[in-house]
Amino acid sequence: GLDGLMERCAQYKKDGADFAKWRCVLKITAHTPTRLAVMENANVLARYASICQQNGIVPIVEPEILPDGDHDLKTCQYVTEKVLAAVYKALSDHHVYLEGTLLKPNMVTAGHACATKYSPEEIAMATVTALRRTVPPAVPGITFLSGGQSEEEASLNLNAINRCPLPRPWALTFSYGRALQASALKAWGGKKDNTKAAQEEYVKRALANSLACQGKYTPSGTAGAAASESLFVSNHAY
């Protein structure tokens with residue numbers, strides 16, 4: 400929490416940390432996120448970011464809108480814009496130096512239970528539009544979370560975002576957990592003999608996403624064991 404964060408950040412810096420991350424989670428339902436929830440979470444992220452910078456640590460600001468639900472792409476875009484607008488208002492109120500921050504948002508995607516399936520190009524257009532309306536060009540980088548997408552979906556959508564015809568003043572890259580690890584973990588299976596195979600899967604996925612950051616990724620047809628599996632976890636927490 401925020402209690403004692405100043406002292407903890409000072410110690411983290413002494414221990415060699417240069418970056419920190421704080422995740423705030425919001426969920427789309429018929430009645431959420433409420434205006435109060437959006438404002439409170441934005442304020443917490445801004446206070447954290449300010450404290451980090453006072454201690455020479457780069458804050459990664461992560462307002463995540465969960466993919467749970469059956470909402471469509473347009474609804475997610477609307478909520479994402481409202482949340483990001485609130486976050487950058489709060490960062491301004493707390494005098495956070497935007498050039499010394501990174502944003503880790505969700506991509507704009509429909510809810511996991513939505514009947515309509517959208518193309519990577521549609522997701523890219525909705526995502527970049529939302530970012531252009533809310534994130535100042537002073538922010539140097541946006542590092543997307545994968546949010547329960549399969550490994551392949553996360554790479555294809557990131558690639559489409561970096562090929563989107565709209566101007567994009569930030570570096571658009573990845574900060575994936577499950578979408579980098581799934582095939583590697585499946586190949587490893589907890590067995591020492593599988594270590595090399597797991598490492599190869601991990602490097603393969605990292606390379607795919609590196610290319611996606613440049614808009615140069617094309618599926619090779621030799622995807623990993625779990626590349627197309629959904630990694631969605633309801634109400635994901637860690």
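In this text, residue positions in the sequence shown follow the working numbering: the first is 400, and each later residue adds one.
Think of the CB as a built atom: it goes at the ideal place given N, C-alpha and C, for glycine as much as any other residue.
Please identify the residue among the options whose C-alpha is closest to the C-alpha of residue i.
i: residue 420; options: 452, 599, 568, 598; result: 452
i: residue 569; options: 417, 508, 538, 458; result: 538
i: residue 463; options: 425, 485, 433; result: 425
i: residue 488; options: 409, 445, 536, 406; result: 445
i: residue 422; options: 411, 450, 551, 458; result: 458
i: residue 603; options: 550, 556, 564; result: 550
i: residue 439; options: 469, 482, 430; result: 482
i: residue 476; options: 552, 405, 580, 507; result: 507
In this structure, how does DSSP classify residue i when only helix, strand and coil are distinguished?
i: residue 659; result: Residue 659 cannot be examined here, being either before or after the span of the chain that is shown, 400 to 637.
i: residue 425; result: strand
i: residue 519; result: helix
i: residue 456; result: coil
i: residue 503; result: coil
i: residue 617; result: coil
i: residue 720; result: Any property of residue 720 remains undetermined from this structure, which presents the chain solely from 400 to 637.
Would residue i and residue j qualify as a contact pair, given that the criterion is a beta-carbon distance under 8 Å?
i: residue 493; j: residue 448; result: yes
i: residue 554; j: residue 509; result: no
i: residue 467; j: residue 515; result: no
i: residue 544; j: residue 608; result: no
i: residue 578; j: residue 586; result: no
i: residue 534; j: residue 571; result: no
i: residue 529; j: residue 479; result: yes
i: residue 486; j: residue 460; result: yes
Could you tell me the boundaries of the beta strand (DSSP E) in which residue i lies?
i: residue 542; result: 540-543
i: residue 465; result: It is not in any beta strand (DSSP E) - residue 465 carries neither H nor E in the DSSP assignment.
i: residue 416; result: Segment: none, residue 416 is in no beta strand (DSSP E) and carries neither H nor E.
Evaluate residue i with the Cβ neighbour count: other Cβ atoms within 10 Å of its Cβ, from every protein chain shown; 16 or more gives buried, anything less gives exposed.
i: residue 417; result: exposed
i: residue 598; result: exposed
i: residue 582; result: buried
Starting from residue i and walking both ways along the alpha helix (DSSP H), at which residues does that stretch end?
i: residue 578; result: 577-587
i: residue 406; result: 404-413
i: residue 483; result: 472-492
i: residue 594; result: 594-611
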